[in-house]
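**Student:** Just so we're aligned, residue 322 is where the sequence shown starts under the working numbering, counting upward by one. Please read through the structure below; I'll follow up with questions.
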Amino acid sequence: MSILVTGGTGALGFHLLSNLSGTNHDLYSFSDEQPQPWQTLDSVHYLSGDLLNFKDVYDMLQMVQPTHIYHLASQSSVGLSYKKPYETLNINLLGTQTILEAARQVVPKAKILLLSSSEIYGRTDQKLTCLHKETDLPNPLTPYATSKACMELLGNQFRNAHGLHIVFARPFHFTGPHHSRRFVLPSITHQLVKIKYYGAEPVVYSGSLDVSRDVVDVRDVARGMIQILNTAESGEAFNICCGKSYTFRELVEMLVDIAGVSVDFRVDPAYERSNDIPLLIGDPTKITSLGWKPMITMDDCLTDLFNEMVVRRRVELKMGMGRDLRL
């Protein structure tokens with residue numbers, strides 16, 4: 322069995338490949354960049370290429386001959402999608418077109434999972450009561466959400482027209498070790514590490530901390546995706562969530578306690594979103610019917626994120642990557 326993960330150098334790709342390591346499967350990552358030292362797994366073959374270049378993708382599939390494909394590669398930042406809507410749609414939609422068309426020609430029997438997002442559900446009038454189900458219609462609010470909703474339509478086109486086996490994962494908010502500092506909780510964790518260990522001013526910069534999200538650990542998301550691809554029928558979509566919400570303020574206060582520091586908070590306009598979704602929470606009934614449930618507590622998730630960020634920062638400094646990456 323040969324397993325391909327596009328975007329395997331991201332946090333979710335890393336933990337997905339970690340879960341698959343130690344098996345008899347041949348594991349491949351395809352990305353536009355090589356992994357950082359803290360993301361590298363000895364059991365994985367790391368391949369580089371352009372997802373938008375059909376020849377790159379076609380040649381890669383010819384070589385790998387995957388039986389299972391986890392398509393994670395995307396522009397995954399909601400905030401960045403406002404600044405770069407064309408790039409977001411290009412990568413998330415046309416990149417998916419490239420991988421699906423190449424798979425149709427090279428490995429039409431492969432099982433394929435497309436990584437969607439809870440962001441496709443958008444805002445609802447039932448602001449305090451709505452647990453989104455997979456049957457809810459998309460109501461995208463951002464360029465990122467639109468790109469993922471369109472990606473699902475594209476996946477269904479290939480499934481209906483060409484018989485490809487395609488399933489969809491819709492994770493709600495997730496975080497944990499190896500998560501990129503482009504996202505709010507790792508960004509704040511990085512600031513706390515600099516305050517605790519490197520003498521930075523005891524001030525944390527963020528956007529609004531009063532939005533609420535259904536949050537699970539990235540490692541639980543990776544397990545859920547494996548469960549979906551291995552057991553779900555073609556065409557099925559699954560939320561990956563826990564069914565309860567946290568405000569970012571609650572999560573940040575947990576991180577401050579873990580760091581053991583005293584800080585002030587300041588709003589940075591660069592992080593602000595004028596039309597953010599106040600509450601996004603999912604119904605996990607469908608995925609729990611497959612035997613999945615979250616295994617990692619939020620306290621353990623954030624503790625592991627903090628400890629991994631400490632190690633990551635030390636490696637960066639040792640490698641001369643000491644510039645401020647407050648993204």
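Glycine is no exception: its CB is placed at the ideal position from the N, C-alpha and C atoms.
Pull up the distance between the alpha-carbon of residue 377 and that of residue 479, whole angstroms please.
**Tutor:** 20 Å
**Student:** From residue 581 to residue 573, what does the alpha carbon distance come to, in whole angstroms?
**Tutor:** 12 Å
**Student:** Quick one: which unbroken beta strand (DSSP E) runs of 3-plus residues sit fully inside the segment 556-637? Chain order, please.
**Tutor:** 558-561, 566-568, 585-588
**Student:** Considering only their Cβ atoms, is the gap separating residue 424 from residue 485 smaller than 8 Å?
**Tutor:** In contact: residue 485 and residue 424 (Cβ atoms closer than 8 Å).
**Student:** Check whether the Cβ atoms of residue 439 and residue 492 sit closer than 8 Å, and answer yes or no.
**Tutor:** Contact flag set, yes.
**Student:** Take residue 533 and list the residues in its own chain whose beta-carbon comes closer than 6 Å to its own, dropping the five residues that flank it on each side.
**Tutor:** 566, 568, 600
**Student:** State the DSSP-derived secondary structure class of residue 496, mapped to helix, strand or coil.
**Tutor:** strand
**Student:** If distances are taken between C-alpha atoms only, which option among 593, 481, 629 comes closest to residue 579?
**Tutor:** 629
**Student:** Please confirm whether residue 584 and residue 505 have their CB atoms less than 8 Å apart.
**Tutor:** no
**Student:** By the three-class DSSP mapping on this structure, what secondary structure does residue 430 have?
**Tutor:** coil
**Student:** To the nearest whole angstrom, what separates the beta carbons of residue 434 and residue 561, a pair I think is in contact under 8 Å?
**Tutor:** Wrong, their Cβ atoms sit about 11 Å apart, outside the cutoff.
**Student:** To the nearest whole angstrom, what separates the beta carbons of residue 468 and residue 332, a pair I think is in contact under 8 Å?
**Tutor:** Wrong, their Cβ atoms sit about 20 Å apart, outside the cutoff.
**Student:** If you scan the segment 323-411 from start to end, which runs of the alpha helix (DSSP H) of 4 or more residues do you find wholly inside it?
**Tutor:** 332-341, 375-385, 399-404, 406-410
**Student:** Give me the Cβ distance between residue 417 and residue 389, rounded to the nearest whole Å; I'm assuming they're in contact under 8 Å.
**Tutor:** Rounded, the Cβ-Cβ distance is 16 Å, inconsistent with contact.
**Student:** Provide the residue span of the alpha helix (DSSP H) that contains residue 508, from first to last.
**Tutor:** 505-519
**Student:** Cutting at 6 Å between CB atoms, please list the residues of its own chain near residue 432, excluding the five before and the five after it.
**Tutor:** 389, 486, 550
**Student:** What do you reckon, are the CB atoms on residue 340 and residue 547 nearer than 8 Å?
**Tutor:** yes
**Student:** For residue 647, which residues of its own chain have a beta-carbon under 6 Å away from its beta-carbon, when the five flanking residues on both sides are left out?
**Tutor:** For residue 647, the pLDDT reaches just 36, beneath the cut-off of 50, and the residue's location in the model is therefore unreliable, although a value from the coordinates is still provided. The answer is none, since no qualifying residue turns up.
**Student:** Looking at the structure shown, is residue 532 part of a helix, part of a strand, or coil, going by DSSP?
**Tutor:** coil
**Student:** Can you tell me whether DSSP reads residue 436 as helix, strand or coil?
**Tutor:** DSSP, read as helix, strand or coil, puts residue 436 in strand.
**Student:** Inspect the beta-carbon positions of residue 382 and residue 366 and report whether they are closer than 8 Å.
**Tutor:** no
**Student:** Would you say residue 459 and residue 442 are within 8 Å of each other, going by their C-beta atoms?
**Tutor:** yes
**Student:** How would you label residue 522, buried or exposed, when you count the other beta carbons within 10 angstroms and need 16 or more for buried?
**Tutor:** exposed
**Student:** What are the residues that DSSP puts in a beta bridge with residue 526?
**Tutor:** 587
**Student:** Identify, in the order they occur along the chain, each residue of the same chain with its Cβ nearer than 7 Å to the Cβ of residue 645, setting aside the five sequence neighbours on each side.
**Tutor:** Confidence is the limiting factor: at residue 645 the pLDDT is only 46, short of 50, which leaves the residue's position unreliable, though a coordinate-based value still follows. Correct list: empty, nothing qualifies.
**Student:** If we ignore side chains and look at the alpha-carbon of each, how far apart do residue 364 and residue 338 end up?
**Tutor:** 9 Å
**Student:** When you compare each of 612, 622, 617, 606 to residue 454 by their alpha carbons, which one comes out closest?
**Tutor:** Nearest of 612, 622, 617, 606 to residue 454, Cα basis: 606.
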